[in-house]
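J.: My structure is below; once you've seen it, I'll send some questions.
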DNA sequence: TTAATACCTAAAGCTAACTTTATGTCAAGA
DNA sequence: TCTTGACATAAAGTTAGCTTTAGGTATTAA
């Protein structure tokens, strides 16, 4: 059993954030001692790990809460929960694709400014047409557009 | 030259959002006609493409604005701009790594609920120890932890 | 000439996800 | 006994990034 301070260090989350998650209904099974102090068990830690993962993948608190609610309704919500994870999987895959497109653009810009820095100005590099670009840079340019 | 309505459709951004970007100083070189109507040229469109990319990669408006400011200061800010893109490149690479970790966790959960759905309950799948997991699933589990 | 449409501004409003503040309880050490 | 530190609550405040509202101008179509 862990106190809120210990969990705060464990997950690198401020104590008020943990209390906020609790208030929002993300930690349904969280117990208290006789004087009202929160006691986190391994189950709660697993839940927090999942919350961490879902948040990192961009899911909103209210949707995480909905999922947590389903969990507490037992076996009859298994399909719903599976569907949610399948959707979230697609979601993350799309995010990764989008980031990879952005990365191509940024890498092109890195090259661009590398050249400009060598020249001391942007004159030459600014007027290069896509066809004159080095092969690898051309690829970046195309991926970004 | 394009009107704000045309640009709105082109980028799939609401008109007020474009006006907001302008107000925030993200579209420094934006011209107006005699009656004050915004006229977007190809340069502005390039800027919007970059804004789109930087936003997609999680950069804040105020930082994009700072960068736009550097651009208007000419050659003496070339190194600064290069550094910004190098930092942003790392940033995106980290985001992708984080998303891949989250993806492993989510894929594990997909498998978990697939099994639970077959069984009609979570009993069996819940009590499987990491070592008993199928090889490919074990990998997901480990990547996620 | 009027009505619709597309533009304009300033300012207020909104939402998510915290974060801060003010106030209070409780247990342990000096 | 008193103070310190870790916990608690409710409620107000914060921030980013829009979005909506209210009111006005200018051009075109009937």
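Residue numbers (this note's numbering), protein chains in the order written: chain B, 1460 to 1604; chain C, 1460 to 1604. Beta carbons: idealized from backbone N, C-alpha and C, even for Gly.
(1) Report the residue from B:1464, B:1502, B:1525 whose alpha carbon sits nearest the alpha carbon of residue 1496 of chain B.
(2) Specify the secondary structure class of residue 1493 of chain C as computed by DSSP and reduced to three states.
(3) In the DSSP assignment, find the unbroken alpha helix (DSSP H) run with residue 1550 of chain B in it and report its ends.
(4) Could you name the residues of the same chain whose beta carbon sits closer than 6 Å to that of residue 1490 of chain C, not counting the 5 residues immediately before and after it, in chain order?
(5) Please classify residue 1516 of chain C: is it buried, with 16 or more other beta-carbons within 10 angstroms of its beta-carbon, or exposed?
(6) Going by beta-carbon coordinates alone, are residue 1581 of chain B and residue 1534 of chain C separated by less than 8 Å?
(7) Taking the alpha helix (DSSP H) that residue 1479 of chain C belongs to, which residues open and close that run?
(8) To which residues of the same chain is residue 1505 of chain B closer than 7 Å at the C-beta, ignoring the five residues directly before and after it?
(9) Any Cβ of chain B within less than 8 Å of the Cβ of residue 1537 of chain C?
(10) What residue from B:1526, B:1545, B:1518, B:1493 has the CA that sits closest to residue 1487 of chain B's CA?
(11) Chain C partners of residue 1540 of chain B, CB-CB under 7 Å?
(12) Given a cut-off of 8 Å, decide if residue 1548 of chain B and residue 1532 of chain C are closer than it, judged by their beta-carbon atoms.
(13) On a Cα-Cα basis, can you pick out the residue from C:1479, C:1574, C:1600 that is closest to residue 1537 of chain B?
(14) For residue 1513 of chain C and residue 1543 of chain B, I'd like the C-alpha separation in whole angstroms.
(15) Residues in the same chain with beta-carbon distance under 6 Å from residue 1590 of chain B, minus the five sequence neighbours each way, listed in chain order, please.
(16) In chain C, which residues lie with their C-beta within 9 Å of the C-beta of residue 1580 of chain B?
(17) Taking residue 1469 of chain C as the query, report the chain B residues whose CB atoms sit under 9 Å from its CB, ordered along the chain.
(18) Since residue 1541 of chain B and residue 1529 of chain B should fall inside the 8 Å C-beta cutoff, what is the C-beta to C-beta distance between them, to a whole number of angstroms?
(19) Distance cutoff 8 Å, beta carbons only. Does residue 1477 of chain B sit that close to anything in chain C?
(20) Under 8 Å between the Cβ atoms of residue 1579 of chain B and residue 1524 of chain B?
(21) Can you check whether the C-beta of residue 1558 of chain B is within less than 8 Å of a C-beta belonging to chain C?
(22) Name, please, each residue of chain B whose Cβ falls closer than 8 Å to the Cβ of residue 1548 of chain C.
(23) For residue 1478 of chain C, tell me which candidate among C:1507, C:1493, C:1502, C:1460 has the shortest Cα-Cα distance.
(24) For the putative contact between residue 1584 of chain B and residue 1571 of chain B, defined by C-beta atoms under 8 Å, what is the C-beta separation to the nearest angstrom?
(25) For residue 1596 of chain B, which residues from the same chain have a beta carbon less than 7 Å from its beta carbon, with the 5 sequence-adjacent residues on both sides left out?
(26) Report all residues from its chain with a CB closer than 8 Å to the CB of residue 1592 of chain B; omit the five preceding and five following residues, and keep chain order.
(27) May I ask whether a heavy atom of the ligand FAD can be found less than 7 Å away from the beta carbon of residue 1562 of chain B?
T.: If we stick to the structure as given:
(1) Position 37 of the first chain, counted from the start, is the residue given in the question as residue 1496 of chain B. It is B:1464 whose Cα lies nearest to the Cα of residue 1496 of chain B.
(2) As a position in the second chain, residue 1493 of chain C is number 34, starting the count at 1. Here residue 1493 of chain C sits in coil by DSSP.
(3) Counting from one through the first chain, the residue named residue 1550 of chain B turns up at place 91. That run of the alpha helix (DSSP H) goes 1537-1578.
(4) Reading the second chain from its first residue, position 31 is the one you call residue 1490 of chain C. For residue 1490 of chain C, where only same-chain residues beyond five positions count, the Cβ hits under 6 Å are 1498.
(5) Position 57 of the second chain, counted from the first residue, corresponds to residue 1516 of chain C. Around the beta carbon of residue 1516 of chain C, 16 or more other beta carbons lie within 10 angstroms, which makes this residue buried.
(6) Here the question's residue 1581 of chain B lines up with position 122 in the first chain. Here the question's residue 1534 of chain C lines up with position 75 in the second chain. Closer than 8 Å, so yes.
(7) As a working note, residue 1479 of chain C is residue 20 in the second chain. For residue 1479 of chain C, the enclosing alpha helix (DSSP H) has its first and last residue at 1474-1482.
(8) Start at 1 with the first residue of the first chain, and residue 1505 of chain B comes out as number 46. The beta carbon of residue 1505 of chain B sits closer than 7 Å to none of the beta carbons in its chain outside the five residues before and after it.
(9) The residue you call residue 1537 of chain C lines up with position 78 of the second chain. For residue 1537 of chain C, the answer is yes, since a Cβ of chain B falls inside 8 Å of its Cβ.
(10) Within the first chain, the letter at position 28 stands for residue 1487 of chain B. It is B:1526 whose Cα lies nearest to the Cα of residue 1487 of chain B.
(11) Position 81 of the first chain holds residue 1540 of chain B. Here the neighbours are 1572.
(12) Position 73 of the second chain, counting from 1, holds the residue named residue 1532 of chain C. Position 89 of the first chain, counting from 1, holds the residue named residue 1548 of chain B. No, the pair does not count as a contact, with Cβ atoms beyond the cut-off.
(13) Within the first chain, residue 1537 of chain B is the residue found at index 78, counting from 1. Of C:1479, C:1574, C:1600, the residue nearest in Cα terms is C:1574.
(14) Translated into the one-based positions of the second chain, residue 1513 of chain C becomes position 54. Translated into the one-based positions of the first chain, residue 1543 of chain B becomes position 84. Whole-angstrom Cα-Cα distance: 29 Å.
(15) Position 131 of the first chain, counted from the start, is the residue given in the question as residue 1590 of chain B. Contacts found: none.
(16) Indexing the first chain from 1 puts residue 1580 of chain B at position 121. The CB of residue 1580 of chain B comes closer than 9 Å to the CB of 1533, 1534, 1537 in chain C, given here in chain order.
(17) Numbered from its first residue, the second chain carries residue 1469 of chain C at position 10. Residues of chain B passing the Cβ test: none, with the nearest at roughly 14 Å.
(18) Position 82 of the first chain, counting from 1, holds the residue named residue 1541 of chain B. Position 70 of the first chain, counting from 1, holds the residue named residue 1529 of chain B. So it is not a contact: roughly 10 Å between Cβ atoms.
(19) Looking up residue 1477 of chain B in the first chain gives position 18. No, because no Cβ of chain C sits closer than 8 Å to the Cβ of residue 1477 of chain B.
(20) Position 120 of the first chain, counting from 1, holds the residue named residue 1579 of chain B. Position 65 of the first chain, counting from 1, holds the residue named residue 1524 of chain B. Between residue 1579 of chain B and residue 1524 of chain B, the C-beta gap is not smaller than 8 Å, which leaves the two residues out of contact.
(21) Position 99 of the first chain, counting from 1, holds the residue named residue 1558 of chain B. Cβ-Cβ to chain C under 8 Å: yes for residue 1558 of chain B.
(22) On the second chain, residue 1548 of chain C is found 89 positions in, with the first residue counted as 1. Result: 1562, 1565, 1566, 1569.
(23) Against the second chain, residue 1478 of chain C aligns to sequence position 19. For the residues C:1507, C:1493, C:1502, C:1460, the minimum Cα distance to residue 1478 of chain C belongs to C:1507.
(24) One-based indexing of the first chain puts residue 1584 of chain B at position 125. One-based indexing of the first chain puts residue 1571 of chain B at position 112. The Cβ separation is near 6 Å, so the contact holds.
(25) Locating residue 1596 of chain B in the first chain gives position 137, where the first residue counts as 1. These residues qualify, in order along the chain: 1567, 1570.
(26) The sequence position of residue 1592 of chain B within the first chain is 133, counting from 1. Cβ neighbours of residue 1592 of chain B beyond the five flanking positions: 1600.
(27) Ligands in the displayed structure: none, and consequently the ligand FAD is not present.
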